Each structure stands twice: as structure tokens, then as C-alpha cells.
Amino acid sequence: MSATLSHVGRARRWPFVGEPVYEGSRIPPRVPTVLDVPAELTESDDILQVNFGPNHPSTHGVLRLIVDLDGETVVGISAVVGYLHTGFEKNMEQKTWWKGITYPERIDYVGYQNNELVFVLAIEKMLALEVPEKATWMRMLLCELNRIHSHLVYLGTSALELGAISMFWYCFRERETILDLFELVAGQRMHTRYFQAGGIAEDIPMGFYPEARKFVDRMPVALNDYLTLLDRNKIWLERTQGVGLLSADDAIALGQTGPVLRASGVDWDLRRDSPYLAYEQVDFRVPVYTGGDVYDRYRVRMDEMAESTQIVRQCLDKLERMEGEPWISDDRKVVLPPREELHTSMESLIHHFKIVTEGYRVPAGEVYVAVESPRGESGCYVVSDGGPRPWRVHFRAPSFAALQATATCSQGTLIADLIAIVGSLDAVMGDTDR
Amino acid sequence: MNDFAQIPGYVSAKDEHGETTVVVDRAHVREACTYARDELGFAMLIDVVATDYLDWSAKGVSGYIGTATGRDLNMPMTQGLQASPDAKPSRFSVSYHLLALRQGAPRLRLQTWLEDGQPVDSVISVWPAADWFEREQYDLMGIRFDGHPNLARLLMEEDWEGHPLRKDYPIGGEPVRFSPEE
Amino acid sequence: MLSAWLPFLIYGVFALAIPASMIYLSFAVATRPTRRTRARVIPFESGVSQGQMKPQRFTVSFYLTALLFIVFDIEIVFLYPLAVQLHALGWFGFGEFAFFLLILVVAYVYIWRKGALDW
Amino acid sequence: MTARLRDYGLQSERLLWPTKGPSKFEEELGVEELEQALGITTLEKAVRWAQTKSMWPDTFGLACCAIEMMSIVGSRYDLARFGMEAFRSSPRQADLLIVSGRVSHKMAAPLRQIYDQMLEPKWVIAMGACASSGGMFNNYAILQGVDRIVPVDIYVPFCPPRPEALMEGIIRLHEAHQAGVPPAYERRQVAT
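Residue numbers (the numbering used here), protein chains in the order written: chain A, 398 to 831; chain B, 984 to 1165; chain C, 1446 to 1564; chain D, 376 to 567.
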């Protein structure tokens, strides 16, 4: 498994694809997401159909896999989703833009900052609103912390499923420090609703920088703990290497993005290839592995955690030099005027009243914005008719595409490997069912 | 960037907020997608989205005079004059968001317009990723995709009637009681 | 005679009393459901079970693995008496034990090479 | 003579908030019903004590509250202090069903089947606003509150509830059961 950490340098081979994991394509011919039981097996009725149902410890959330087993090997699989369909898009059409910002966090409830960011970026793109630099850097910092948080939840739960139970407690120890940082900044551990159309909702509190520094120094040590626990653990290597193979072409054909794509050898990361926020001013490397199996997805996510820690460190350096800068844009048509200004100026009072009662208006048009969330490309397609409410909001869910690869990855594997594969695809059901 | 006129079934193209949208005739969707994938190099289908424009410009919308480049600050908001947004060709729009894995991440939106009940060719043969995307749009918006091997409800229950994301489908849920009297 | 068997008798009484009390308590203290007991009967299939699973045929590889386990597990029964009397038997006992194990190792290597162990 | 529930050993309010008067659910229950429940043999009390100290929850993680429910098992909040760290995955071995997250209509039938397959005595905690009342999703897809299909013992507010909030709910449940309050399905004569 050759590992290449491709640098952010100008010289770049597009897109670097290592030696193929298997020849041809393993996508099931009839329906790409359903693996049919081969004909000769269906007559011999020792095919056992098992429900990896909605309430199953190893499917992260309410995913249901109908698995046909010949003894221990998986010969047929089809995923049933929709058990957590919450009708986000219908609800957001009823809410004004301002109120709608709190919905996207609940979609992908593990990488919630990135989801909120994608909706806010879509609003700002339509409004052609420029955001102060301090807000951009703070958003980037929180999204990277959220990426580490999401990879820690992935590592804790999928290692727990494969028997490495102590990993759960190790990972959740670091996760608690990240949630403390979120709570320090925005007052709540999850779903912080800290991003506003035009910047961030509040200024950065006093004690945030030293706390974040402590975390950034602590994280590499913790990452080293996880590596010593897992990387030379024979059981872990045996259970993950060579399991759930996905070649680069199949990954691109199935619309995979994020760690699953980078583990199959395609060098593609939105933060570097179509930079948003201030990612072009930050130096980080994109881990790419060519094994295309569960082990390489684990290694991509581990390296990403290390890279994200470096990004957080650079954001902290930049932010500490930006004391006293505005943290939200001063365009009164969209952003609430500060409280004290209301007592003195009439216009601010009118703006305040208009924004609070009716909500600010976004010019008519349609926009698609994509962001590199921990699971892959999380996009937001927004159509506005110029009124205070969005006409149509659609979220492109990376987990939705990731689950389409279950049929391709789990061909001929044992049922125990199926748990490792579903864990490695890291699909969050809220994201899949929206 | 080569212009998109050669796409089979090409109707019109527009460039807004830095995104190119090519409107394609409903009957040529599959050829257009194959052309986009093979000649233009859009290797990845990111998303299939259906939008319902039922009574889109029925009631006026007082708001900013939205210009192509976004809001025009010195043009005051319409004081009460109901500016109705521009009419749409027909009720439903199905947009295919494509992404090319190349330098600069070029993106393209292939858009087709159709009325209620008109089917669209499925693009599963072009990108296998379209399987669930199309099933979801069929389930929530009621767009039929011909040639889809397994077009069934994906998110809602199998025996659910109606397509929830349509504009004429009620939001459901319950009226909120703010006081215990009634 | 009784004194020789007394410890065994006490051990037997305890071996009977503890499981019996558990069984009795689980009936005496349990609260019986009165309505909707159909759900108790059907198997738990993570929430979506339609009813009794139709009897399934299991593939032969399960049977093979079970047999191999039994073969290599029953030898423990022969080692218990040896362990108890090892000081009396001395080196002769140890030799017998080694020979006994040698046969088993040969059998183990045979089935290993035959590939009966991998699924 | 209306004896307070507090006199029967419910200490959680007193510890946390000494000046607090009787909590709402004491009035809701009324003393006579409790009097009758408490006039029970000591074996019953011992059984209640045993059941309280090893109430095993069912891993019923639905949405964002499941992530907070997971962090309760973590080392900082540590549900093991209440004898509850063994999250059982099958309802046969679970006593407590923590409905953590929003319940969609498609998930209602499996939820009800899992609740039926749990053995008595069983309890339900509706964790979070979405499980208690549908939360901010008042639409076609979400069940407006899980008490439409299962009798609920404890409602935990917030979205998502902090681990401390869920533990407050769990402590309340333990104290109520220890004090003799019957589970929800008996109190409300609902199908078990």
C-alpha cells in the first residue's frame, strides 16, 4: 500500500490514481446499489436472509441492510434507508432565511458546523455579501475542529465494533475537549448555530485562544496514542486490510467523495482544489492512499486529523493578530444592527424591525455551493424567488452517496467484514435521509 | 473553456453567480449527459435535484431588484411595488450537478424543464451514482425516470401516497397549541 | 464412607441450590405481561420481524467446524485425571501425556494442511 | 395529613435545590395512590432496589441525541456509576428504552415492536425535544412526540440534551422507581 502525501505544490498530477485495486468494475450490473444473489445459489435454499435492521448496534443509526447469507459469506445485499427521513427541505421552505440557518446542523449531526457553513455560504453567495476576515478564519477554525470531532466519533465507534473497545473511551476523551471549545465559543456543545449570514453571531470570547492552544498541543500526543493502540494491532490489521475494496473508477462512478475517494487513490479535496473561506492561505497536505480498503480509509482519516490540527494552529496564529476587527459584516440590510445603535439611529431601528419581522430578502436566482465536510462533498442547492423565504433548498449528502457503495464493497465478504465496511463508509443516517 | 453549444439537445445557457447552467431539452437528457461525461470530462455526477415551480410568479414578491451580479446597493428596495420574479418555462426543473476532477474543479448544471407526469430518461447507464438520486426525486417530487431498473420509493414508506416536496402537498404536522384552553 | 463423600455432597447441594433459586426468583418476582404478548413470541430482527422465521437449512461448513471443535475439546476430559494424579504417576505419566498430545498435534497439522479450518 | 414524596426518600430535589417545594410530579401522582403502592413488603423493596441499580438501557440511537447519549458512556459523564454502562442491543435484555432522536413515521412501527419485545418492568425516556414533542420538525415525516405510540416515563428537554440533563432524567427515574412509582404502562393503563 504505497502512501503518498501529495503536497499543495503547484506541480500536481491530476488526479493521481494508483495501480487499480481490481480489474474492471465491481458495480452490480442490474442495479448499482443492490447485489443480487447469483442464480445457481437461489435454488439451493440454504440462503439465509438477515435483517441488519433499523435498530442494530453496528449500523451507525437507523440504516437497514437486507443481507442474503450463504453460510458466512455475503452473497446479496440491499440497503433500505428512510427510517430517519425528517423532511428538512420541506420545513426550510416554510422558514425565513434567518430561521432556516439552524436546520442544516441537524442534517449531518456529527459534522454539523460544515453543514451550517454550506447553507450560510449559499446565502452569502446569492447576496454577494463579503464577510470580514476574522469571521472567515473563525469559521475555518470551527469547521476543522468539527472535522477532528467527526473523525474521532468515526474512529471510536468503528473500532468499538471491531472489538477494540478501549478506543471508544480514548477517542471520546479528546472529543469532550473539542466540545468544551464549542461550548466556550457558542454556549452549546453541539448544533451551536454560531454562523450568521454575514459572519459569526458573537465575538470570540476571551479565554478561547489559550484553551484552543492547549487542545492543539494535546492532539498530536492523543493521535500517537491511537496509532500505538491500533496500527500494529494484528487483529485490527487482519480485520481491515483487503476488506471492502473500492477502485478509483468505481468510486468516481458511484459519486464517492471525501475520505472514501481519497482512500481509493483519487487525489481530490475541495479545500485545496476549489478553495473556499481562506483555505488557499493555509498550508496543509491531503492524504491519498491507493489501497481502497477499510484500512486505507482509516489511515486517510487519521492523517486528516493531524492535518486539521495544523490548520487549527495556523488559524489561531492568524486570529490572535486580529484582535478588535469586526466579526460580522456591517451591511444593515442583512445583519442586525448592534443593540446600542438602536437607541440613537432611526434607520437602524427600521432595519432591525424589518429583519426581525420579515427577514432579509435574497435576490432571485439559484446557487450550488459545495464544502469539504468530514464525510465528503456536502453541497447546498438553493433557489430563491427574491422573497424572505427560500423557494427550494436541497442538501447534497455525502453519506447518501457513500451508502450506494455498500453493494460494491461487500461482494464476497464475510458477515463480520460487512460491519467493518459499513463503519468505514462512515455514513450518518440523518445526512442520508434528510 | 469550450462553450456548451455542442451539447445535444442544447436550448440555452446562462452564467450566474459564477455557475454555468445549460438548459437541455427533455428528450435528449441521456445524450447530453453522455456527451458531458465523455467529451467535456465531467466524470462525477454530484447531485440530481428536482424543483417544483408551481405558482412561482403568482403572488408578487417585494424585495431587492436582484441583478445578475447580486444585490444592487444603491437601488432601494421596492417600497411595496410587487416585483414578480421572471416566469419559468414549465412547472418542474430537474438539475444534474456535474463535477470534473480537473484543475480548478469546473462544475456544470444540466437543467431540463418538464410538466407534471412527463418522464425523463434515467442516466444510470452514464453514472451509476444516479440510482438513489433519481429514486429520491421520484419519491419526494414525483418525477418519473424511464429506464431506471428499480424506481421505487426510497425515503418514504412504500404505501405512502403523494409526493411530499411538491408545492401543493401540505406541510403536515399538527397545529401548535400555545395555551391549554382550546 | 460418608466423611469421604461429605465435601462432594456439600458441593452438590450448592450446585443445585443456586440455579434453583435463580429459576424460582425469575418466576416469583417477574411481572407477567397481560396484553400484546404476540411480540414476545416472534424473534427479534432489529425491529422489522414479520413473524416466526421459516426453518432454515444451515450450510455444512458450520457442522464441520462444530465437529472439529468437539474433537479437540474432549481431550481436556482425559487430562483432568492425569493432572490430579501427576505426582503419583511421575515421569511415566508425563510420557503418556506427551505421546497423547503428539497424536493430537499430528491430527491438527493434517486438518490444517487439508484446509478444513479456513472458511 | 398530606405527606410529601420527599418524606419517602426522594432526595434529588433536596440535594440539588434545598429550598425547592414539592416537584410537579408529586402533585400529579397524589399521595393516596403512592400510599397504597408503598404499603408493600420489604421483598418488593429489595427487588425495586435491585432493578433500580442495574437498569440496562437499549441502544436505540436515532439522531443527534444519540451522539450525546454515546458521550454519556464516555469517561467524563460515565453512566457506569448508576450501573447502566452495559448498553444492550437486544430488547430482550434491556429494561430502559432511551428514545434519542426524532421518530419518523417509517420508524414508528419498529419502535413499537421493540418496545413490545422488552420485558417488564420497562421504562421509556423520551430524550430531546424531537422525541418528546416532534421538536422543530412539525411536518409530514416526524411523529409529533413518541408518547403517541409508547407510554413515556421521563421527558428530557433541550436539543440535544446535555449529558447532565439526561442523567438528571435517569436519576429522577431511579428515584421514582425506588420510591414505588409504577412504570408508565401501569400508571396509564396502556397496553403493556
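The beta carbon of each residue, even a glycine, is placed where N, CA and C say it ideally should be.
Just so we're clear, the structure is a prediction, and the values are computed from it rather than from any experiment.
| said: Please list, in chain order, the chain B residues whose beta carbon lies closer than 9 Å to that of Lys481 of chain D. | reply: Leu1138, Met1139, Glu1140, Trp1143
| task | Count the CB pairs spanning the region 681-699 of chain A and the region 648-665 of chain A that are closer than 8 Å, and state whether there are at least three. | result | yes
| message | Using a 10 Å radius around the Cβ and a threshold of 16 neighbouring Cβ atoms, would you call Glu539 of chain D buried or exposed? | response | exposed
| query | Since His875 of chain A sits in a beta bridge, which residues does DSSP pair it with? | reply | This structure does not reach residue 875 of chain A, given that chain A is present from 398 up to 831, and the question cannot be answered.
| In chain C, what lies closer than 8 Å to Arg461 of chain A by C-beta? | Ser1491, Val1493
| task | Throw me the rounded Cβ distance for the Lys531 of chain A and Pro734 of chain A pair, which I believe falls under 8 Å. | result | That pair is no contact at about 19 Å.
| Checking contacts by CB at 8 Å: is Phe569 of chain A closer than that to chain D? | yes
| task | Measuring alpha carbon to alpha carbon, tell me which of A:Ile812, A:Asn488, A:Thr554 ends up nearest Val825 of chain A. | result | A:Thr554
| query | Leaving out five residues before and five after Ala1552 of chain C in sequence, what residues of the same chain have Cβ atoms less than 7 Å from its Cβ? | reply | none
| query | With Ser726 of chain A and Leu526 of chain A assumed to form a contact (beta carbons below 8 Å), what rounded beta-carbon distance in angstroms separates them? | reply | 6 Å
| field | Beta-carbon proximity check, Pro795 of chain A vs Arg831 of chain A, cutoff 8 Å | value | no
| field | Three-state secondary structure assigned by DSSP to Leu1097 of chain B | value | strand
| task | State the start and end residues of the unbroken alpha helix (DSSP H) segment that holds Trp495 of chain A. | result | 494-497
| field | Cα-Cα separation between Asp1122 of chain B and Ile463 of chain A, rounded to whole angstroms | value | 20 Å
| query | Cβ of Arg507 of chain A within 8 Å of Cβ of Val478 of chain A? | reply | Reading the sequence as shown, one finds Val at residue 507 of chain A and not Arg. It is not a contact, given that the beta carbons lie outside the stated cut-off.
| request: Kindly indicate which three-state DSSP category Phe592 of chain A falls into: helix, strand or coil? | output: strand
| query | Grouping DSSP H, G and I as helix and E and B as strand, with all else coil, what is Phe1075 of chain B? | reply | strand
| task | Could you check which residue in B:Tyr1079, B:His1146, B:Arg1085 has the C-alpha nearest to that of Phe1116 of chain B? | result | B:Tyr1079
| task | Consult DSSP for Val517 of chain A and reduce its assignment to one of helix, strand or coil. | result | helix
| field | Proximal residues of chain D, C-beta to C-beta of Ala1484 of chain C below 7 Å | value | Gln488, Asp491, Gln492
| query | When the Cα of Val527 of chain D is compared with those of D:Pro535, D:Cys534, D:Gly503, D:Met511, which residue comes out closest? | reply | D:Gly503
| said: Can you confirm whether Leu548 of chain D, when its beta carbon is compared against all beta carbons of chain B, has any partner nearer than 8 Å? | reply: no
| Same chain, Cβ closer than 6 Å to Gly458 of chain A, neighbours up to 5 away in sequence not counted | Met826
| task | Jot down the residue ranges of each uninterrupted alpha helix (DSSP H) in the region 595-683 of chain A, minimum 4 residues, whole runs only, in chain order. | result | 605-627, 631-637, 645-650, 656-660, 667-670
| field | Closest by C-alpha distance to Glu437 of chain A, when choosing among A:Tyr419, A:Asp467, A:Phe449 | value | A:Asp467
| What are the boundary residues of the beta strand (DSSP E) that includes Met502 of chain D? | 498-502
| What distance in whole Å lies between the Cβ atoms of Leu1097 of chain B and Ser1073 of chain B, which are believed to be in contact at a cut-off of 8 Å? | 6 Å
| Assigned exposure category for Glu677 of chain A - 16 Cβ within 10 Å defines buried | exposed
| query | Between Trp1536 of chain C and the ligand FMN, is the CB less than 7 Å from at least one heavy atom? | reply | What this structure holds is no ligand at all, so the ligand FMN is not there to describe.
| Under 8 Å between C-beta atoms, does Pro496 of chain D make it to chain C? | yes
| field | Selected residue, minimal CA-CA separation from Pro1158 of chain B, among D:Ser508, D:Met482, D:Gly449, D:Val499 | value | D:Ser508
| field | Start-to-end residues for the alpha helix (DSSP H) that takes in Thr803 of chain A | value | 803-806
| message | Any beta carbon from chain A within less than 8 Å of Ala1127 of chain B's own beta carbon? | response | Correcting the residue type first, residue 1127 of chain B is Arg in the shown sequence and not Ala. It does not: the Cβ of Arg1127 of chain B has no partner Cβ on chain A nearer than 8 Å.
| query | Tyr515 of chain D touches chain B at which residues, Cβ-Cβ below 8 Å? | reply | Pro1147, Tyr1152, Pro1153, Ile1154, Gly1155, Gly1156
| Quick one, which of A:Tyr591, A:Tyr623, A:Ile575 has its alpha-carbon nearest Ala832 of chain A's? | This structure cannot speak to residue 832 of chain A, because chain A is shown only from 398 to 831.
| field | Through-space distance from Gln1101 of chain B to Met1058 of chain B, alpha-carbon basis | value | Only weak support is given to the placement of Met1058 of chain B: the predicted model assigns it a pLDDT of 47, under 50, and the value that follows is read from those uncertain coordinates. Going from the Cα of Met1058 of chain B to the Cα of Gln1101 of chain B covers about 41 Å.
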